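To keep things clear, I will list the structure first and then write my remarks on it.
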Amino acid sequence: MNFKIPRGTQDILPGKVEHWQYVEDKARDICRRYNYKELRTPIFEQTELFMRGVGDTTDIVQKEMYTFEDRGGRSLTLRPEGTASAVRSYVENKLFGSPIQPTKLYYVGPMFRYERPQSGRMRQFVQFGVEALGSADPAIDAEVLALAMEFYRELGLKNLKLIINSLGDTESRNAHRQALISHFEPRISEFCSDCQARLEKNPLRILDCKKDKDHELMATAPAILDYLNEDSKAYFAKVQKLLNDMEIEFQVDPNLVRGLDYYNNTAFEIMIGGDGFGSITTLCGGGRYNGLVQEIGGPETPGIGFALSIERLLMALEVQNVTLPVNDQLDCYVIAMGEEAKVAASNISFKLRQAGLSTDQDYLDKKMKAQMKAADRFKASFVVIIGENELEKNVVVVKEMETGEQQEVSINDLTKFLQQKLIR
Ligand code: HAM
1169 MNFKIPRGTQ DILPGKVEHW QYVEDKARDI CRRYNYKELR TPIFEQTELF MRGVGDTTDI
1229 VQKEMYTFED RGGRSLTLRP EGTASAVRSY VENKLFGSPI QPTKLYYVGP MFRYERPQSG
1289 RMRQFVQFGV EALGSADPAI DAEVLALAME FYRELGLKNL KLIINSLGDT ESRNAHRQAL
1349 ISHFEPRISE FCSDCQARLE KNPLRILDCK KDKDHELMAT APAILDYLNE DSKAYFAKVQ
1409 KLLNDMEIEF QVDPNLVRGL DYYNNTAFEI MIGGDGFGSI TTLCGGGRYN GLVQEIGGPE
1469 TPGIGFALSI ERLLMALEVQ NVTLPVNDQL DCYVIAMGEE AKVAASNISF KLRQAGLSTD
1529 QDYLDKKMKA QMKAADRFKA SFVVIIGENE LEKNVVVVKE METGEQQEVS INDLTKFLQQ
1589 KLIR
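What follows is the structure in structure tokens.
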């Protein structure tokens, strides 16, 4: 039997994994600078959490969840996103009671959605996300947006478009909801069965329908921006002012609704323009979710966050020919000729590794030339050669690969010698 990787998943092999590590390190670094702390939650949660959190009229809950029953008869779901889990953890661990507020969290980890796989759309993908809980200050909205944009900018991505919208507070949303129902109801029979079901439950979701996106009523649907009350308008205006002050460019798109139910006020997506990116152009999505903590059993607490996938980020970097400065060079390759020299080589490698140098050696009894080739393949900065003659004198020959320079160094001084050379 030949085993195959499940559809919509991928192996990340050496050679590629360095890119992942690089961008994940960058994510951690920017979170350190913005003072967001890492949160790690389980890969699976009670199914009910996502039905409540993400919303049971969303595509994610209706069509895309990996849900299973465990041996104890509990319904569990592989997390399709990170916000519901972060909020569950915030409530369960009573982080709202901590003197450090707002609670600023980030996560990097795999998410699972049963989607139709295509380039940039996987069934298992890795999200980097942040969540700031406990503040309804527009400055936090601006901070979260700035963090996302700066993350991409620092990695070297160009041609990014930040699209923002306001979904309004509860009052504004209710007014908009009524307007949507009146708009679609007379002709709802022309829409798909999902939309028909959404009309009463959550008419905003109709605007997000992929099947009916070209129906004429879509373009003329009432826009939320026309239904914002004074508070919501003032809030949105402040967010925009803060972004302008930071010189972060954005566009307001009144049609941006997002595919998850928990949003209100600020909603946003970061898209990438230009050729070569196929149909998927959204790199990042997020927004404010002031009712979610309460929905999940906690005290009334505002929240805002975003998530982006590393898969789409790496695709975008590739399309724009951005080379990441990953260091895949080995510091030192130890070449031994002869039985006793091989024994000494193992100890030399051990000592160099202990001192922090990345070091490797031959384990396949290769000839000298083949060992040199291996050193080349690993892009070793130095080769340390030890044969019977050297062993007798307690020395090695050190070759600097870039210059070809060679010199004898006492085994006792080798670590220090290489460390000094590598500092340069
Ligand atoms: P989302 O828009 O569902 O929002 O996903 C956010 C990002 O995850 C997308 O923009 C995309 O980069 C990536 N993504 C989603 N699905 C896939 C997929 N199948 N394959 C590859 N990448 C994918 C959320 O998940 C919210 N939890 C974001 C958030 C955080 N809102 C507030 N806080």
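1169 is the number of the first residue of the sequence shown in my numbering; add one for each residue after it. A virtual CB, placed ideally from N, CA and C, is assigned to each residue, including glycine. Only a predicted model underlies this, so the values are computations on that prediction, with no experimental measurement involved.
The ligand COA heavy atom lying under 8 Å from the CB of residue i
i, result
"residue 1291", "Absent from the structure shown: the ligand COA. Ligands present: the ligand HAM."
Residue of the options minimising C-alpha distance to residue i
i, options, result
"residue 1461", "1302, 1205, 1183, 1537", "1302"
"residue 1251", "1179, 1464, 1181", "1464"
"residue 1518", "1178, 1442, 1583", "1583"
"residue 1562", "1569, 1215, 1553, 1471", "1553"
"residue 1175", "1208, 1225, 1292, 1262", "1292"
"residue 1677", "1315, 1345, 1237", "No answer is possible for residue 1677: the residues shown for the chain start at 1169 and end at 1592."
"residue 1283", "1270, 1230, 1318, 1258", "1230"
"residue 1495", "1547, 1577, 1218, 1450", "1547"
"residue 1207", "1295, 1555, 1237, 1366", "1295"
"residue 1499", "1549, 1336, 1270", "1549"
"residue 1277", "1476, 1399, 1491", "1476"
"residue 1214", "1428, 1371, 1581, 1244", "1244"
"residue 1390", "1342, 1437, 1369, 1260", "1342"
"residue 1261", "1249, 1365, 1467", "1467"
"residue 1216", "1200, 1235, 1497", "1235"
"residue 1193", "1493, 1573, 1531", "1493"
"residue 1365", "1533, 1225, 1588, 1249", "1225"
"residue 1577", "1483, 1564, 1456", "1564"
"residue 1572", "1544, 1386, 1588, 1400", "1544"
"residue 1361", "1380, 1346, 1372", "1380"
Contacting residues, own chain, Cβ-Cβ under 7 Å from residue i (five flanking each side not counted)
i, result
"residue 1559", "1508, 1509, 1512"
"residue 1473", "1251, 1297, 1298, 1299, 1300, 1312, 1454"
"residue 1326", "1488"
"residue 1190", "1492, 1494"
Cβ distance (whole Å) where residue i is taken to contact residue j below 8 Å
i, j, result
"residue 1323", "residue 1485", "7 Å"
"residue 1340", "residue 1397", "5 Å"
"residue 1503", "residue 1551", "6 Å"
"residue 1274", "residue 1204", "4 Å"
"residue 1349", "residue 1367", "6 Å"
"residue 1483", "residue 1288", "6 Å"
"residue 1399", "residue 1337", "6 Å"
Assigned secondary structure, residue i (DSSP; H/G/I helix, E/B strand, else coil)
i, result
"residue 1323", "helix"
"residue 1388", "coil"
"residue 1337", "coil"
"residue 1451", "strand"
"residue 1243", "strand"
"residue 1332", "strand"
"residue 1437", "strand"
"residue 1314", "helix"
"residue 1278", "strand"
"residue 1291", "coil"
"residue 1410", "helix"
"residue 1273", "strand"
"residue 1477", "strand"
"residue 1418", "coil"
"residue 1490", "coil"
"residue 1591", "helix"
"residue 1299", "strand"
"residue 1373", "helix"
"residue 1578", "strand"
"residue 1426", "coil"
"residue 1551", "strand"
Burial state of residue i (16 or more Cβ within 10 Å)
i, result
"residue 1307", "exposed"
"residue 1591", "exposed"
"residue 1227", "buried"
"residue 1357", "exposed"
"residue 1471", "buried"
"residue 1378", "exposed"
"residue 1594", "Examination of residue 1594 is not possible in this model, given that the chain is present from 1169 through 1592 alone."
"residue 1173", "exposed"
"residue 1516", "buried"
"residue 1580", "exposed"
"residue 1392", "buried"
"residue 1138", "It is not possible to answer for residue 1138, since the shown part of the chain is limited to 1169 through 1592."
"residue 1442", "exposed"
"residue 1531", "exposed"
"residue 1527", "buried"
"residue 1520", "buried"
"residue 1200", "exposed"
Interface flag, residue i vs chain C, CB-CB below 9 Å
i, result
"residue 1221", "The structure shown has no chain C; it contains just one protein chain."
6 Å Cβ shell around residue i - same chain, five flanking residues per side excluded
i, result
"residue 1418", "1330, 1332, 1411"
"residue 1255", "1460, 1461, 1464"
"residue 1480", "1288, 1451"
"residue 1359", "1380"
Residues near residue i by beta carbon distance below 8 Å, same chain, minus five either side
i, result
"residue 1658", "Look at the range of the chain in this structure, 1169 to 1592, and you will see that residue 1658 is not part of it."
"residue 1179", "1173"
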